[in-house]
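One structure is given here, and the rest of the page talks about it.
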Amino acid sequence: MSEITRRPTIASSVAAAVAVLVAVLAAGSQAASALGFAAVGGLVFVVGLALGRHRAVDVGALVVLFGVVAGGLEATAVEPTIVAAVATVVAWDLAHGAIALGDQLGRGAETRRLEAVRVSSSLLVGLASGTVGYAVYVFGGSGQPVAAVTLLLVAAVLIVVGFGGGRTGSTRRRRTRP
Amino acid sequence: MNGRRLALALGLAAFVAAVAVLIGVLDVGFSRTALVVVGLVAIAIGLRALFAREPPRSVDTPDPERSTVVPTPGATLHGAIDAFRTSETRYSVTGRRTVEGLRAATIAVLSRFDGNDEETARRRLETGEWTDDEVAAAFLSESLEVPRSARDWVADTVRGTSRFRTGVRRAVAAIEDIADGGDGGDGSLPRYDPREGASAVDGDRRHRTATSAVEGTERRCERATGYWRGVGVLALVAVGVGVVAESPAVVLAGVVGVGYAGFSRAFDPPEPELSIERELSDPDPAPGDEIEVSVTIANESDGFVPDLRIVDGVPAGMAVTEGASRLGTALRPGEDVVLEYTVSVGRGSHEFDPVLAIVGDLSRSTEREYLIGAPTTVVCEPELRPIAAPVPLRTAGTSFSGRLQTSDGGAGTTFHSVREYRKGDALSRVDWNRRAKTGELTTLQFHEERAARVVVLVDARRDAYLAPDPDAVHAVDRSVVGAGRIAATLLADGDTVGLAGIGAIPGAEDAEPCWLPPASGRHHEVRFAELLATHPQFSANPPTGEGRWLWQLRGLRRRLSTGTQIVMLTPLCDYVSAEIARRLDARGYPVTVVSPDPTADETAGQRLARVGRAVRRFDLQRAGIPVVDWPAAEAIDAVFARRAAGDRR
Numbered sequence: 007m008s009e010i011t012r013r014p015t016i017a018s019s020v021a022a023a024v025a026v027l028v029a030v031l032a033a034g035s036q037a038a039s040a041l042g043f044a045a046v047g048g049l050v051f052v053v054g055l056a057l058g059r060h061r062a063v064d065v066g067a068l069v070v071l072f073g074v075v076a077g078g079l080e081a082t083a084v085e086p087t088i089v090a091a092v093a094t095v096v097a098w099d100l101a102h103g104a105i106a107l108g109d110q111l112g113r114g115a116e117t118r119r120l121e122a123v124r125v126s127s128s129l130l131v132g133l134a135s136g137t138v139g140y141a142v143y144v145f146g147g148s149g150q151p152v153a154a155v156t157l158l159l160v161a162a163v164l165i166v167v168g169f170g171g172g173r174t175g176s177t178r179r180r181r182t183r184p
Numbered sequence: 002m003n004g005r006r007l008a009l010a011l012g013l014a015a016f017v018a019a020v021a022v023l024i025g026v027l028d029v030g031f032s033r034t035a036l037v038v039v040g041l042v043a044i045a046i047g048l049r050a051l052f053a054r055e056p057p058r059s060v061d062t063p064d065p066e067r068s069t070v071v072p073t074p075g076a077t078l079h080g081a082i083d084a085f086r087t088s089e090t091r092y093s094v095t096g097r098r099t100v101e102g103l104r105a106a107t108i109a110v111l112s113r114f115d116g117n118d119e120e121t122a123r124r125r126l127e128t129g130e131w132t133d134d135e136v137a138a139a140f141l142s143e144s145l146e147v148p149r150s151a152r153d154w155v156a157d158t159v160r161g162t163s164r165f166r167t168g169v170r171r172a173v174a175a176i177e178d179i180a181d182g183g184d185g186g187d188g189s190l191p192r193y194d195p196r197e198g199a200s201a202v203d204g205d206r207r208h209r210t211a212t213s214a215v216e217g218t219e220r221r222c223e224r225a226t227g228y229w230r231g232v233g234v235l236a237l238v239a240v241g242v243g244v245v246a247e248s249p250a251v252v253l254a255g256v257v258g259v260g261y262a263g264f265s266r267a268f269d270p271p272e273p274e275l276s277i278e279r280e281l282s283d284p285d286p287a288p289g290d291e292i293e294v295s296v297t298i299a300n301e302s303d304g305f306v307p308d309l310r311i312v313d314g315v316p317a318g319m320a321v322t323e324g325a326s327r328l329g330t331a332l333r334p335g336e337d338v339v340l341e342y343t344v345s346v347g348r349g350s351h352e353f354d355p356v357l358a359i360v361g362d363l364s365r366s367t368e369r370e371y372l373i374g375a376p377t378t379v380v381c382e383p384e385l386r387p388i389a390a391p392v393p394l395r396t397a398g399t400s401f402s403g404r405l406q407t408s409d410g411g412a413g414t415t416f417h418s419v420r421e422y423r424k425g426d427a428l429s430r431v432d433w434n435r436r437a438k439t440g441e442l443t444t445l446q447f448h449e450e451r452a453a454r455v456v457v458l459v460d461a462r463r464d465a466y467l468a469p470d471p472d473a474v475h476a477v478d479r480s481v482v483g484a485g486r487i488a489a490t491l492l493a494d495g496d497t498v499g500l501a502g503i504g505a506i507p508g509a510e511d512a513e514p515c516w517l518p519p520a521s522g523r524h525h526e527v528r529f530a531e532l533l534a535t536h537p538q539f540s541a542n543p544p545t546g547e548g549r550w551l552w553q554l555r556g557l558r559r560r561l562s563t564g565t566q567i568v569m570l571t572p573l574c575d576y577v578s579a580e581i582a583r584r585l586d587a588r589g590y591p592v593t594v595v596s597p598d599p600t601a602d603e604t605a606g607q608r609l610a611r612v613g614r615a616v617r618r619f620d621l622q623r624a625g626i627p628v629v630d631w632p633a634a635e636a637i638d639a640v641f642a643r644r645a646a647g648d649r650r
């Protein structure tokens, strides 16, 4: 009787590793310190993914993101930072997805189709929001009025709070138990 | 929720206003300080929530792929020791209790296998002359001191074993040595493994998708996975930092995060209408066969199901050998997907449990668990193949002629005795040689050959569901297979055979235990096989209840007719099994015990359980009940053949 291999699924893991590599390179293209942070974070991330640890993936992604932000602060061009941010979130998403899927269904199960849907939806959302942000930035021109930026920020805060992403306690926690 | 909606609406309004300002339609005066304040607020909210983040929760899925796990005899040391405790051992604290139990075990083996009476055994135990092992002798004696050098102490400390543990291990090894007749195998020490309470059977739940049948689709629960929790927070931090530091790149990185936060709340999992059809390559397999299962899952609804995870409810008596009974996929409306895997089927009647379906939305932030009933039943009847060697029956038969040699003298082929001639004796049986030599007229007697009436009794109490290792075939399964083959052998010899079971009946405590009155013929044979496969008492899963064996035994005794023999299949791992055999035998039904051996020899508890079984076997044999030991590695043919050869010698 073979045991179920409860390791992260392969397709998502590979996609996550590629995404984190993109994030590291894009962030690292901005500044040397950013490259350092992102590389260390990427390493932690990949090891955490290989071992199937949610926490390690979280920490790794956070360090990569720190690198991305550090790079962004020193950057003159915004594009690499946007790409790096999208890649980081996609990598983080896919890594957790791979670990959870491996946990629930095991590596032996056929999951490629589900993983394909996940990769594309995650990528699409990132690209779409990145594009919208970029468009506003470009069309707003370089001389942004302080009022506009402040209003955008207020909008971001309220939308995040409105979506509930900023809260810890979700209202929809397990309703019934058999 | 209202507050949230308000925040969302205001946020969108602010966004529109910002765009308006950017285009130049609107003109609002804000100072840089306001910007920094808002940025700091964003960072604060973000950090507060970040520290409360937990990893995403995912649903734990059960492992229906594995077959039933049953405990090993002597899984706990206390359980194994308690089997030796008699009424005279009083209640005492744990450590003392272990020693008392081991003392009782030593006396038990000394009085059985070393030819001592109880008094001598007690004395030898006290003086320590029962074993060569000084440590074991001193451990169980009240008057002896444990010999212990400084070197031992260092060695014990380094290895992390305590004096008590070493004592237990060595005492158990010494006891086993006596029970094995002094030639004590490899003389290795058992492991001390007090996994008290952590039994191998961790509930039915882990191995089944659901414990009760489900009709149609039943929603079990819905939960938020908290998958994206933290993304919005990080977005806020990034936006805040970006604004404070006046870096557009970082602000835009934050905007990406806001996009994901919105994504996480934008969807609800679809309400799926799934239809499930299961097909088997062979609906009527033999035990041990591998069959292919193909499950077709179709999306009958009009909506796209972006995230569907399926765990098929493989019954406990089956084990997946190839492929996986799990699937992760996405289904468009009207689309279907096929899940294929191979299982090996054990004996019994197996019904597939409901399929567990986990449906998520596109952003995986909400999951719903569904159970979808798709019952398929596989009945796997044991093969009734006769055994080459004869079944070791007792010498008692019915009044019909047959092939069982009884102990009564009469007509037959095997010499029994000589007696004085009586009028009416057949001339062919007169001993003419003796007549010629001495002039006496004597009659030869032969063993009468009659048909036996046998009831095969299977011990399927919960305590009989035991196996040497968790994945091995358990004793009840072996008993049932053995019962089928014994019945086939006896039926082929012209004997009449019946079937009875003792043990809890899952689902219905008051239901009738298995009973098939002794008969013969093809029709009877088919019913016999059917009952072995389908009667709930012989289920491949251990029952949850105890069952009332005394009551069942009384019912069985009322049904047995005089002169019926019992062949009882039991692992003999507890006191009740031996008691059943003894009671039936005492009531005049000659009992033969065939005992599949489920014991292991890894830990101290397991070895003690094995010694306990040897003691029980010995006691039964001393009471005149033959016991055929059936080791786990051997086929029943070999065991019976050896028995037959041993009888001839």
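So the sequence lines, in the order shown, correspond to chains D and H. Counting from 1, position 74 in the first sequence corresponds to residue 80 in the numbering used here; the numbering is continuous, with no gaps. Counting from 1, position 343 in the second sequence corresponds to residue 344 in the numbering used here; the numbering is continuous, with no gaps. Yeah, the Cβ is synthetic: ideal placement off N, Cα and C, and Gly gets one too.
- Residue range V306 to G314 is occupied by the beta strand (DSSP E) that includes H/I311.
- Among the residues of chain D, those whose CB is under 7 Å from the CB of H/S248 are G78 and L79, following chain order.
- H/A501 is bridged by DSSP to H/L458 and H/W516.
- Under the criterion of beta carbons closer than 8 Å, H/G411 and H/A534 do not qualify as touching, at roughly 40 Å.
- Three or more Cβ pairs closer than 8 Å define a contact, and the region 299-308 of chain H meets that threshold against the region 326-340 of chain H.
- The beta carbon of D/V70 sits no closer than 8 Å to any beta carbon of chain H.
- For H/Q566, the enclosing beta strand (DSSP E) has its first and last residue at T565 to L570.
- No Cβ of chain D is located within less than 8 Å of the beta carbon of H/R209.
- Each of H/Y261, H/H351, H/G243 and H/E272 was checked against the Cα of H/D285, and the nearest Cα belongs to H/H351.
- The count of Cβ pairs closer than 8 Å, one atom from the region 379-386 of chain H and one from the region 249-261 of chain H, stays below three, leaving the stretches out of contact.
- A Cβ-Cβ separation of about 5 Å places H/I626 in contact with H/D586 under the 8 Å criterion.
- For H/S562, the three-state secondary structure derived from DSSP is coil.
- The straight-line gap separating the alpha-carbon atoms of H/D470 and H/T69 is approximately 11 Å.
- DSSP places H/D464 within a helical segment (H, G or I) once states are collapsed to three.
- For the pair of segments examined, the region 163-181 of chain H was found not to touch the region 572-592 of chain H: the number of CB pairs separated by less than 8 Å stays below three.
- Here H/R113 is buried, its C-beta having at least 16 other C-beta atoms within 10 Å.
- Judged by DSSP secondary structure, H/I298 falls within the beta strand (DSSP E) whose first and last residues are E291 to N300.
- A straight-line Cα-Cα distance of about 9 Å links H/L561 and H/P519.
- When DSSP states are grouped into helix, strand and coil, H/I46 belongs to the helix group.
- Bridge partners of H/S350 according to DSSP: H/V380.
- For H/L332, the beta-bridge partners assigned by DSSP are H/V306.
- Going by beta carbons, H/V474 and H/I567 fall outside the 8 Å limit.
- Taking a Cβ-Cβ cut-off of 7 Å, D/A44 has no neighbours in chain H, whose nearest Cβ is about 13 Å from it.
- About 16 Å separates the beta carbons of H/A137 and H/G606, which is beyond the 8 Å limit, so they are not a contact pair.
- Contacts between D/R119 and chain H, judged by CB atoms closer than 7 Å, involve T330 and A331 in chain order.
- Comparing alpha carbon positions, the residue from H/L340, H/S144, H/A541 and H/D354 closest to H/S213 is H/D354.
- Assignment of H/I277 by DSSP, reduced to helix, strand and coil, places it in the strand class.
- Of the residues H/P72, H/R327, H/R125 and H/L7, the one whose Cα lies closest to the Cα of D/R113 is H/R327.
- For H/L126, the enclosing alpha helix (DSSP H) covers residues E119 to T128.
- Judged by DSSP in its simplified three-state form, H/E526 adopts helix.
- Under the 10 Å beta carbon count, H/Y261 is surrounded by 16 or more other beta carbons and is classified as buried.
- Looking at D/P14, D/L31, D/V63 and D/A162, the one whose alpha-carbon comes closest to that of D/A90 is D/L31.
- The way I'd put it, the region 124-135 of chain D doesn't touch the region 27-46 of chain D; fewer than three beta-carbon pairs between them come closer than 8 Å.
- D/V26 sits buried, since 16 or more C-beta atoms from the chains shown fall within 10 Å of its C-beta.
- Sequence-distant partners of H/A601 (beyond 5 residues in either direction) whose C-beta falls short of 6 Å from its own C-beta, in its chain, are T73, P469 and Q607.
- Apart from the 5 residues on each side of it in sequence, D/A37 sits with its Cβ closer than 8 Å to the Cβ of A76, G77, E80 and A81 in its chain, given in chain order.
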